[in-house]
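K.L.:
Encoded as structure tokens, here's the structure I'll be asking about.
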Amino acid sequence: MNSRKPFIAGNWKMYKTCSEAVETAGKLVKLLSQTSDVDIMIAPAYIALAQVHEAVKGSCVMLGAQNLFWEKKGAYTGEISPEMIVSAGCTYIIIGHSERRQYFGETNETVNKKIKAAISYNLKPVFCIGESEKEREANDTFNVLDKQVKIGLEGLSQDNMQNVTLAYEPVWAIGTGKTASSEQAQEVHLFLRNLIEKLFGENIAESIRILYGGSVKPENIAELMTMPDVDGALVGGASLDADKFMRIVKFKTVG
């Protein structure tokens, strides 16, 4: 068993109105009030961030946003700056999610800019990477991940890396009901940890948390968490339901 504290994060994507988000967050706070052995984060839609922050303030549930823009301010209609995200009460920021890459033109280079901008405002990036089904079938998984990590983290120092979390999300498993087996997840997470060691040294590689994402459910979280290099999960659909998300967070005690 490693010494890294498990981290369970919920990405609410484009679901929940402001009132629905506040209601779910409030329920989570009650369900998880005694939880101290797992770090917990939820990432609602932008418009609900400030209200959800009020609902979770002082609890064990931390707040994150789903994306940001790398400039401090300016004529960038529809974008949100790091300073705005901090002012809404966020501690974490999801960067490089495959849906951002697939639908909104996110590249490894823009991911790098966003990570640097987040760190400059003391936001903690949850840096998403993952291969498509086509890339996996072509045995190209490790080449794809190598490129995503090296470009995404280019120019970062060891100090910068202290607050970065990696999230491995095989694109073929997101929202499809397919899940990488625990052995598949472990194989990739070990590869990523070894890559981080080459880039940033042994101490960072040992301390960095690597989450698994892709159809994570209460039924499969416990097995995933038995793997030595799986440090938690970035949860999509199952995080929208407070009871399901609670069962994932409490994977040690709830079946």
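Read in order, the letters of the sequence shown correspond to residues 5 to 259 in the numbering used here. We treat Cβ as the ideally placed atom computed from N, Cα and C, and that holds for glycine. Quick caveat, the model's predicted, so the values are computed rather than measured.
How would you write the range of the alpha helix (DSSP H) that N15 sits in, first residue to last?
P.N.:
Position 11 of the sequence shown, counted from the first residue, corresponds to residue 15. Note, N15: premise wrong, no alpha helix (DSSP H); beta strand (DSSP E) at 11–15.
K.L.:
Taking the alpha carbon of E263 as the point to measure from, which residue in W176, S243, K120 has its own alpha carbon closest?
P.N.:
Any answer about residue 263 is impossible in this case: the structure gives the chain only from 5 up to 259.
K.L.:
Reducing DSSP to helix, strand and coil, say where Y107 ends up.
P.N.:
On the sequence shown, position 103 is the one that residue 107 refers to. DSSP places Y107 in helix when its eight states are reduced to three.
K.L.:
Kindly confirm or deny that the region 114–130 and the region 190–210 touch, where touching means at least three C-beta pairs closer than 8 Å.
P.N.:
no
K.L.:
For N15 and S211, what's the separation of their Cα atoms in angstroms?
P.N.:
For this step, residue 15 is matched to residue 11 along the sequence shown. For this step, residue 211 is matched to residue 207 along the sequence shown. Approximately 23 Å, taken between the alpha carbons.
K.L.:
Whose CA, out of E24, I97, V168, S219, lies closest to the CA of S186?
P.N.:
One-based indexing of the sequence shown puts residue 186 at position 182. Answer by Cα proximity: S219.
K.L.:
Suppose contacts are defined by Cβ-Cβ distances below 8 Å. Is V234 in contact with Q188 by that definition?
P.N.:
The residue given as residue 234 occupies position 230 in the sequence shown. The residue given as residue 188 occupies position 184 in the sequence shown. Cβ distance not < 8 Å, so V234 and Q188 don't count as in contact.
K.L.:
Would you kindly check if the distance between the Cβ of K20 and the Cβ of A52 is under 8 Å?
P.N.:
Locating residue 52 in the sequence shown gives position 48, where the first residue counts as 1. Locating residue 20 in the sequence shown gives position 16, where the first residue counts as 1. Contact flag set, yes.
K.L.:
Determine whether the beta carbon atoms of N112 and Q152 lie at a separation below 8 Å.
P.N.:
For this step, residue 112 is matched to residue 108 along the sequence shown. For this step, residue 152 is matched to residue 148 along the sequence shown. In this structure, Q152 lies closer than 8 Å to N112 by Cβ.
K.L.:
Please name the residue, chosen from Q70, T81, Y96, that lies closest to E103 on a Cα-to-Cα basis.
P.N.:
Within the sequence shown, residue 103 is the residue found at index 99, counting from 1. The shortest C-alpha separation from E103 is found at Q70.
K.L.:
By alpha-carbon positions, which one of K154, V33, E137 ends up nearest to M45?
P.N.:
Within the sequence shown, residue 45 is the residue found at index 41, counting from 1. Comparing Cα-Cα distances from M45 to each of K154, V33, E137, the minimum goes to V33.
K.L.:
What's the gap between the Cα of G93 and the Cα of S63?
P.N.:
Position 89 of the sequence shown, counting from 1, holds the residue named residue 93. Position 59 of the sequence shown, counting from 1, holds the residue named residue 63. Distance between the alpha carbons of G93 and S63 is about 13 Å.
K.L.:
When the cut-off is 8 Å and only beta carbons count, does E75 lie next to chain D?
P.N.:
The displayed structure is made up of one protein chain only, and chain D is not part of it.
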